[in-house]
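Numbering (the working numbering), first residue to last: 3 to 162.
This report concerns only the one structure given below.
The following block contains the structure:
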(Lines of atoms letter the chains of each structure in order from A and count residues from 1; the text may use other names and numbers.)
(Lines give C-alpha, C1' and ligand atoms only; values in the text may rest on other atoms or scores of the structure.)
Protein backbone atom coordinates (compact mmCIF):
# COMPACT_ATOMS: atom_id res chain seq x y z
CA UNK A 1 0.00 0.00 0.00
CA UNK A 2 2.87 2.33 0.72
CA UNK A 3 4.21 1.85 -2.79
CA UNK A 4 0.81 2.88 -4.19
CA UNK A 5 0.86 6.13 -2.17
CA UNK A 6 4.46 6.76 -3.23
CA UNK A 7 3.47 6.21 -6.87
CA UNK A 8 0.56 8.68 -6.56
CA UNK A 9 2.86 11.22 -4.95
CA UNK A 10 5.34 10.73 -7.80
CA UNK A 11 2.64 11.21 -10.46
CA UNK A 12 1.29 14.29 -8.68
CA UNK A 13 4.78 15.78 -8.37
CA UNK A 14 5.45 15.11 -12.08
CA UNK A 15 2.18 16.80 -13.13
CA UNK A 16 2.96 19.70 -10.84
CA UNK A 17 6.40 20.04 -12.45
CA UNK A 18 4.83 19.98 -15.92
CA UNK A 19 2.41 22.77 -14.96
CA UNK A 20 5.28 24.74 -13.42
CA UNK A 21 7.16 24.38 -16.73
CA UNK A 22 4.10 25.61 -18.68
CA UNK A 23 3.69 28.47 -16.21
CA UNK A 24 7.37 29.40 -16.69
CA UNK A 25 6.97 29.44 -20.51
CA UNK A 26 3.85 31.62 -20.26
CA UNK A 27 5.67 33.99 -17.88
CA UNK A 28 8.61 34.30 -20.30
CA UNK A 29 6.23 35.04 -23.18
CA UNK A 30 4.48 37.63 -21.01
CA UNK A 31 7.83 39.28 -20.20
CA UNK A 32 8.74 39.41 -23.90
CA UNK A 33 5.36 40.94 -24.81
CA UNK A 34 5.71 43.50 -21.99
CA UNK A 35 9.19 44.41 -23.23
CA UNK A 36 7.91 44.84 -26.80
CA UNK A 37 5.08 47.01 -25.48
CA UNK A 38 7.63 49.12 -23.61
CA UNK A 39 9.64 49.60 -26.81
CA UNK A 40 6.49 50.58 -28.74
CA UNK A 41 5.53 53.06 -26.01
CA UNK A 42 9.03 54.57 -26.02
CA UNK A 43 8.93 55.03 -29.79
CA UNK A 44 5.48 56.60 -29.60
CA UNK A 45 6.69 59.00 -26.92
CA UNK A 46 9.76 60.01 -28.92
CA UNK A 47 7.58 60.54 -32.00
CA UNK A 48 5.24 62.72 -29.97
CA UNK A 49 8.20 64.75 -28.71
CA UNK A 50 9.41 65.35 -32.29
CA UNK A 51 5.93 66.38 -33.37
CA UNK A 52 5.63 68.76 -30.43
CA UNK A 53 8.96 70.42 -31.27
CA UNK A 54 7.89 70.75 -34.91
CA UNK A 55 4.61 72.35 -33.80
CA UNK A 56 6.47 74.78 -31.51
CA UNK A 57 8.81 75.73 -34.36
CA UNK A 58 5.84 76.22 -36.68
CA UNK A 59 4.10 78.46 -34.11
CA UNK A 60 7.28 80.47 -33.63
CA UNK A 61 7.68 80.97 -37.38
CA UNK A 62 4.03 82.00 -37.56
CA UNK A 63 4.59 84.52 -34.73
CA UNK A 64 7.65 86.01 -36.48
CA UNK A 65 5.74 86.27 -39.76
CA UNK A 66 2.81 87.91 -37.95
CA UNK A 67 5.19 90.45 -36.43
CA UNK A 68 6.74 91.02 -39.85
CA UNK A 69 3.27 91.60 -41.32
CA UNK A 70 2.57 94.17 -38.60
CA UNK A 71 5.72 96.00 -39.64
CA UNK A 72 4.70 96.24 -43.27
CA UNK A 73 1.75 98.50 -42.54
CA UNK A 74 3.38 100.39 -39.66
CA UNK A 75 4.39 104.04 -40.09
CA UNK A 76 7.95 104.75 -41.21
CA UNK A 77 8.77 106.46 -37.93
CA UNK A 78 6.71 106.77 -34.76
CA UNK A 79 6.26 110.02 -32.90
CA UNK A 80 5.57 108.96 -29.30
CA UNK A 81 5.29 112.57 -28.10
CA UNK A 82 2.43 113.27 -30.54
CA UNK A 83 0.74 109.91 -31.15
CA UNK A 84 -2.39 109.60 -33.23
CA UNK A 85 -4.87 106.72 -33.35
CA UNK A 86 -3.21 105.23 -36.42
CA UNK A 87 0.15 105.03 -34.67
CA UNK A 88 -1.41 103.65 -31.47
CA UNK A 89 -3.14 100.94 -33.48
CA UNK A 90 0.17 99.85 -35.01
CA UNK A 91 2.02 100.04 -31.70
CA UNK A 92 -0.61 97.77 -30.13
CA UNK A 93 -0.41 95.34 -33.04
CA UNK A 94 3.39 95.26 -32.81
CA UNK A 95 3.26 94.72 -29.04
CA UNK A 96 0.89 91.82 -29.62
CA UNK A 97 3.27 90.41 -32.23
CA UNK A 98 6.39 90.66 -30.04
CA UNK A 99 4.45 89.20 -27.10
CA UNK A 100 3.38 86.29 -29.28
CA UNK A 101 7.02 85.65 -30.22
CA UNK A 102 8.03 85.79 -26.56
CA UNK A 103 5.25 83.39 -25.56
CA UNK A 104 6.26 80.88 -28.23
CA UNK A 105 9.87 80.99 -27.03
CA UNK A 106 8.96 80.65 -23.35
CA UNK A 107 6.64 77.73 -24.05
CA UNK A 108 9.29 75.85 -26.03
CA UNK A 109 9.87 72.44 -24.48
CA UNK A 110 13.05 70.48 -24.22
CA UNK A 111 16.47 71.37 -22.95
CA UNK A 112 17.35 73.57 -25.92
CA UNK A 113 13.94 75.07 -26.69
CA UNK A 114 14.64 78.46 -25.14
CA UNK A 115 18.35 78.47 -25.97
CA UNK A 116 17.67 77.74 -29.62
CA UNK A 117 15.35 80.68 -30.27
CA UNK A 118 15.85 82.97 -27.28
CA UNK A 119 18.74 84.78 -28.95
CA UNK A 120 16.47 85.64 -31.90
CA UNK A 121 14.07 87.39 -29.54
CA UNK A 122 16.99 89.08 -27.77
CA UNK A 123 18.17 90.53 -31.10
CA UNK A 124 14.77 91.94 -32.03
CA UNK A 125 13.61 93.33 -28.68
CA UNK A 126 16.06 96.27 -28.34
CA UNK A 127 15.44 97.57 -31.85
CA UNK A 128 11.68 97.01 -31.40
CA UNK A 129 11.78 99.20 -28.29
CA UNK A 130 13.88 101.80 -30.09
CA UNK A 131 11.29 101.92 -32.88
CA UNK A 132 8.42 102.25 -30.39
CA UNK A 133 10.24 105.18 -28.72
CA UNK A 134 10.76 106.82 -32.13
CA UNK A 135 14.55 106.44 -32.06
CA UNK A 136 14.89 104.36 -35.26
CA UNK A 137 12.87 104.08 -38.43
CA UNK A 138 10.91 101.12 -39.75
CA UNK A 139 13.47 100.13 -42.39
CA UNK A 140 16.17 99.38 -39.76
CA UNK A 141 13.71 97.28 -37.79
CA UNK A 142 12.59 95.40 -40.91
CA UNK A 143 16.18 94.65 -41.93
CA UNK A 144 17.01 93.24 -38.46
CA UNK A 145 13.78 91.22 -38.34
CA UNK A 146 14.36 89.77 -41.82
CA UNK A 147 17.94 88.86 -40.92
CA UNK A 148 16.85 87.19 -37.67
CA UNK A 149 14.06 85.25 -39.41
CA UNK A 150 16.41 83.94 -42.10
CA UNK A 151 19.45 83.19 -39.94
CA UNK A 152 18.08 82.36 -36.50
CA UNK A 153 14.63 80.96 -37.17
CA UNK A 154 15.11 79.23 -40.52
CA UNK A 155 18.83 78.60 -39.79
CA UNK A 156 19.97 79.66 -43.24
CA UNK A 157 23.21 81.56 -43.65
CA UNK A 158 23.27 84.16 -46.44
CA UNK A 159 25.70 83.56 -49.27
CA UNK A 160 28.64 85.95 -49.37
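From the three backbone atoms N, C-alpha and C, an ideal C-beta is built for every residue, glycine too.
Being a predicted model, the structure only gives us computed values, none of them experimental.
Buried/exposed call for residue i, threshold 16 Cβ in 10 Å
i: residue 97; result: exposed
i: residue 23; result: exposed
i: residue 58; result: buried
i: residue 9; result: exposed
i: residue 65; result: buried
i: residue 46; result: exposed
i: residue 62; result: buried
i: residue 31; result: exposed
i: residue 100; result: buried
Rounded C-alpha distance that separates residue i from residue j
i: residue 92; j: residue 50; result: 38 Å
i: residue 125; j: residue 106; result: 16 Å
i: residue 118; j: residue 102; result: 17 Å
i: residue 42; j: residue 155; result: 33 Å
i: residue 130; j: residue 143; result: 7 Å
Nearest to residue i (by Cα), restricted to the options the options
i: residue 90; options: 123, 147, 37, 133; result: 133
i: residue 55; options: 128, 109, 142; result: 109
i: residue 136; options: 45, 27, 79; result: 79
i: residue 157; options: 121, 25, 27; result: 121
Minimum Cβ-Cβ distance from residue i to chain D less than 8 Å
i: residue 143; result: Going by chain labels, chain D is absent from the structure shown, which holds only one protein chain.
Problem - Residue ranges of each beta strand (DSSP E) within the segment 6-69, 3 or longer - result: none
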